[in-house]
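As you go down the protein sequences, you meet chains U, W and S in turn. Letter by letter, the first sequence follows residues 39 to 246 of the working numbering. Letter by letter, the second sequence follows residues 39 to 246 of the working numbering. Letter by letter, the third sequence follows residues 39 to 246 of the working numbering. Ideal Cβ placement from N, Cα and C applies to all residues, glycine included. Comments concern the structure below.
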Amino acid sequence: MNKSVILVGNGGHAAVLTDILLQQNRSIIGFTAPENQENRFGIPYLGTDEVIDSYNHTEIELVLGLGTTHVSHMRAKIFNKFKEKGYMFSSVIHRSAVISPYSNLGEGVQIMAGNVTEAFVEIADNTIINTSSSINHDCRIGKHCHIAPGTTLSGNVTVGDFTHIGTGSTVIQNVQIGSQVLIGAGSLVLRSFGNNSKAFGVPAKEVL
Amino acid sequence: MNKSVILVGNGGHAAVLTDILLQQNRSIIGFTAPENQENRFGIPYLGTDEVIDSYNHTEIELVLGLGTTHVSHMRAKIFNKFKEKGYMFSSVIHRSAVISPYSNLGEGVQIMAGNVTEAFVEIADNTIINTSSSINHDCRIGKHCHIAPGTTLSGNVTVGDFTHIGTGSTVIQNVQIGSQVLIGAGSLVLRSFGNNSKAFGVPAKEVL
Amino acid sequence: MNKSVILVGNGGHAAVLTDILLQQNRSIIGFTAPENQENRFGIPYLGTDEVIDSYNHTEIELVLGLGTTHVSHMRAKIFNKFKEKGYMFSSVIHRSAVISPYSNLGEGVQIMAGNVTEAFVEIADNTIINTSSSINHDCRIGKHCHIAPGTTLSGNVTVGDFTHIGTGSTVIQNVQIGSQVLIGAGSLVLRSFGNNSKAFGVPAKEVL
């Protein structure tokens with residue numbers, strides 16, 4: 039049986055996750071946030087993240103509800119902090135996502151509605167694959183990434199850790215995108231980009 | 039039980055709606071058009087729109103089959119004319135559309151195949167949300183709009199009334215698009231646009 | 039009952055097809071390739087394409103597993119060669135593709151996950167319609183084409199034979215694209231292009 043979850047965060051991304059969890063009849067104990075806020079689903083506020091320590095790490099799972107719109111280490115920090123304390127992060131996958139049984143998903147991966155993930159795709163821990171995205175065969179996506187809504191990664195695309203691929207982007211086959219890369223929204227990626235680069239446009243060019 | 043419907047129009051958009059209605063085993067009485075035309079599903083021609091008055095408004099529903107490719111008041115005129123006479127417009131939603139139970143849809147909304155509509159989205163009366171579109175959390179879309187195929191609206195995008203978002207467009211989070219706005223096909227919308235503006239391109243710029 | 043199939047090819051596109059076939063419990067006899075290679079699903083190597091002649095054409099079907107990234111006659115050559123010998127090519131359609139019962143698909147058509155194909159669409163023999171694509175009402179697509187992932191064809195678009203529409207492209211309504219045309223990835227097609235043209239960009243322009 040699935041364990042009850044605590045949701046870290048209370049913004050728009052957390053709302054999307056809550057929607058999925060409720061459709062899956064997952065039990066949500068409550069949410070954490072820097073201060074008490076209204077929750078639109080009526081989920082109770084538990085306190086700041088520190089309150090999680092009062093729950094036994096074998097009895098609950100965490101869901102990381104913070105969204106990102108650029109390269110950010112915030113999600114990684116929270117993920118790693120609670121992993122070190124022994125907590126598990128629940129993966130959250132919308133029922134409509136079409137995920138190949140020959141793909142391989144890490145811990146705490148979040149895959150939103152309308153996604154296609156093909157054979158031999160690997161998605162590492164704590165990465166967000168957002169709505170209506172298409173991750174084609176043999177793509178390998180690192181940890182703590184965000185592949186934003188409406189993005190297409192053709193076959194055999196590699197993406198490092200902490201990388202953000204902006205909304206509505208298209209990446210052609212065999213391209214390698216490094217770690218901590220920001221690809222701006224609406225970009226067309228025709229070539230590889232190394233670690234720490236920022237690129238955008240049609241075709242995407244590096245911003246120095 | 040669902041009421042029988044009369045389809046207003048006989049073009050390509052009407053054909054898509056008919057396909058959905060037939061898959062849902064809805065009974066279609068016939069279609070209206072300025073003159074008698076062949077219907078590819080074998081649905082009978084009833085006459086011009088005036089023939090609708092001869093049907094009791096409590097016994098049938100209307101489906102507005104006119105498509106649009108730009109800002110147009112035609113759909114609104116027909117919608118309002120028959121609403122004033124007491125007729126209801128049936129919403130038509132393809133079975134494959136993934137619509138959050140926490141979204142809110144107005145009367146006569148048409149949502150085509152492959153769409154994703156997330157939590158806390160509001161879509162007002164008589165708006166078309168076309169194929170393979172992605173409407174992310176907290177978007178609010180006005181009346182009589184057309185969100186064309188393959189469009190991505192990121193989270194918390196606002197769209198006014200009568201607005202047309204062209205095929206394959208991408209709109210980033212938190213953008214506000216006014217009423218009677220035309221966003222050209224393939225546009226990347228990175229900023230807000232006020233009422234009555236026309237914009238297109240990557241990134242979209244206003245055409246004066 | 040479906041016949042057992044032989045897969046021609048062993049690359050990434052063949053892997054995607056194999057994934058679909060296995061999900062449909064199709065029996066795969068083996069694959070052909072220029073030389074013996076490892077197969078990631080454990081499917082046996084049969085030999086070069088010539089080995090197919092040793093199977094009775096009434097007892098098996100072929101699945102053409104070669105992908106393309108540009109205009110290519112390779113798939114057509116193999117298709118025609120084995121058709122002349124009496125073999126049939128199996129269509130391969132992912133269970134998640136949303137295909138109108140009022141569309142018309144040729145022999146050996148391959149439709150990947152997340153596709154939408156609307157009413158009165160015609161797709162001719164041996165064409166690939168890749169992931170998360172949207173083929174709207176009344177489109178007519180020729181033989182031996184590849185409509186790459188994430189592509190949107192609006193209503194009433196015509197595409198000739200051997201044409202490649204690149205990943206993430208958008209084509210507006212009523213456009214006519216000829217045969218042996220290459221539309222580059224990420225293109226926005228606002229006008230028609232004749233046979234043998236190459237075009238790309240936003241909007242797409244011909245490369246002479």
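Integer Cβ distance of residue i from residue j, believed to fall under 8 Å
i: VAL46 (chain W); j: ARG64 (chain W); result: Contact flag wrong, Cβ pair sits at about 15 Å.
i: GLY216 (chain S); j: GLY232 (chain S); result: 5 Å
i: GLU156 (chain U); j: ASN174 (chain U); result: 5 Å
i: VAL195 (chain S); j: GLN211 (chain S); result: 7 Å
i: ASP176 (chain W); j: VAL159 (chain W); result: 7 Å
i: SER172 (chain W); j: SER138 (chain U); result: Not a contact, Cβ separation roughly 21 Å.
i: ILE81 (chain W); j: ILE66 (chain W); result: 5 Å
i: PHE120 (chain W); j: ILE90 (chain W); result: 7 Å
i: ALA223 (chain U); j: LEU226 (chain W); result: 6 Å
i: LYS41 (chain S); j: GLU97 (chain S); result: 7 Å
i: GLY204 (chain U); j: THR190 (chain W); result: At roughly 11 Å, the Cβ-Cβ gap does not stay under 8 Å, so GLY204 (chain U) and THR190 (chain W) are not in contact.
Where the alpha helix (DSSP H) through residue i begins and ends
i: ILE81 (chain S); result: Neither: ILE81 (chain S) is in no alpha helix (DSSP H) and is coded neither H nor E.
i: PHE120 (chain W); result: 112–122
i: VAL54 (chain W); result: 50–61
First and last residue of the uninterrupted beta strand (DSSP E) at residue i
i: LEU100 (chain S); result: 98–102
i: GLY68 (chain S); result: 66–70
i: ILE44 (chain S); result: 42–46
Beta-ladder partner(s) of residue i, from DSSP
i: GLU244 (chain W); result: W:ALA237
i: PHE231 (chain W); result: W:ILE215
i: ILE221 (chain S); result: S:ILE203, S:ALA237
i: SER134 (chain S); result: Partner(s): none; SER134 (chain S) has no beta bridge.
i: VAL75 (chain W); result: One detail in the question is off: residue 75 (chain W) reads as Gln in this sequence, not Val. Looking at the DSSP assignment, GLN75 (chain W) forms no beta bridge with any residue, so it has no partner.
i: ILE173 (chain W); result: W:THR155, W:LEU191
i: ASN142 (chain S); result: S:GLU160
i: THR196 (chain U); result: U:ARG178, U:GLN214
i: HIS184 (chain W); result: W:ILE166, W:HIS202
i: ILE149 (chain U); result: U:ILE131, U:ILE167
i: VAL209 (chain U); result: U:LEU191, U:VAL227
i: GLY85 (chain S); result: S:THR70
Same chain, Cβ closer than 6 Å to residue i, five either side skipped, listed in chain order
i: ASP87 (chain U); result: THR70
i: PHE200 (chain U); result: VAL109, HIS182, SER217, GLN218
i: GLN148 (chain S); result: VAL130, ILE166
i: ASP163 (chain S); result: GLY144, GLU145, GLY146, LYS181
i: MET126 (chain S); result: GLU99
i: GLY124 (chain S); result: HIS95
i: LEU84 (chain U); result: GLY68, THR70
i: LEU228 (chain U); result: ILE210, PRO241
i: SER128 (chain W); result: VAL43, GLU99, VAL101
i: ALA114 (chain U); result: HIS182
Spatial neighbours of residue i in its chain, beta-carbon cut-off 7 Å, leaving aside the 5 residues before and after
i: HIS51 (chain S); result: GLY103, LEU104, GLY105
i: GLN214 (chain U); result: THR196, SER230
i: SER192 (chain W); result: ASN174, VAL209, ILE210, GLN211
i: SER134 (chain U); result: ALA151, GLY152
i: TYR140 (chain S); result: ALA157, PHE158
i: PRO72 (chain U); result: THR86
Proximity test, residue i beta-carbon vs the ligand NAP heavy atom, cut-off 6 Å
i: GLN62 (chain S); result: The ligand NAP is absent from the structure shown, which contains no ligand whatsoever.
Contact set for residue i: own chain, Cβ-Cβ below 8 Å, skip 5 residues either direction
i: ASN234 (chain W); result: GLY216, SER217, GLN218, VAL219
i: MET112 (chain S); result: LEU104, THR106
i: VAL136 (chain S); result: ASN153, VAL154, THR155
i: LEU55 (chain U); result: LEU45, VAL101, GLY103, VAL130, GLN148
i: ILE116 (chain S); result: VAL46, ASP87, LEU102, LEU104
i: GLY49 (chain S); result: GLY103, LEU104, GLY105
Item checked: Contact list for the stretch 147–164 of chain S against chain W, Cβ threshold 9 Å -> GLY152, ASN153, VAL154, THR155, GLU156, ALA157, PHE158
Next item on the list: Quick one: which residues of the stretch 187–208 of chain W get their C-beta closer than 8 Å to a C-beta of chain S? List them in chain order.
Entry: PRO187, GLY188, GLY204, THR205, GLY206
Next item on the list: Report the residues of the stretch 50–62 of chain S with a CB closer than 7 Å to any CB of chain U, ordered along the chain.
Entry: GLY50, ALA53, VAL54, ASP57
Check: Between the stretch 214–234 of chain W and chain S, which residues of the former have CB atoms less than 8 Å from a CB of the latter, in chain order?
Finding: ALA223, GLY224
Next item on the list: Name, going along the chain, the residues of the stretch 93–112 of chain W whose beta-carbon falls closer than 7 Å to a beta-carbon of chain S.
Entry: THR107
Check: Of the residues that make up the stretch 125–138 of chain S, which ones have a beta carbon closer than 7 Å to any beta carbon in chain U?
Finding: SER134
Notebook entry, point to check: When Cβ atoms are compared, which residues of the stretch 167–188 of chain W fall closer than 9 Å to chain U?
Noted result: SER170, SER171, SER172, ILE173, ASN174, HIS175, ASP176, GLY188: these are the residues of the stretch 167–188 of chain W whose beta carbon lies less than 9 Å from some beta carbon of chain U, given in chain order.
Notebook entry, point to check: What are the residues of the stretch 234–246 of chain W that lie near chain S, defined by any Cβ-Cβ distance shorter than 7 Å?
Noted result: VAL240
Note to self: Please identify, using Cβ separations under 9 Å, the residues of the stretch 68–79 of chain W that lie next to chain S, in order along the chain.
What the structure shows: Answer set for the stretch 68–79 of chain W: ARG78, PHE79.
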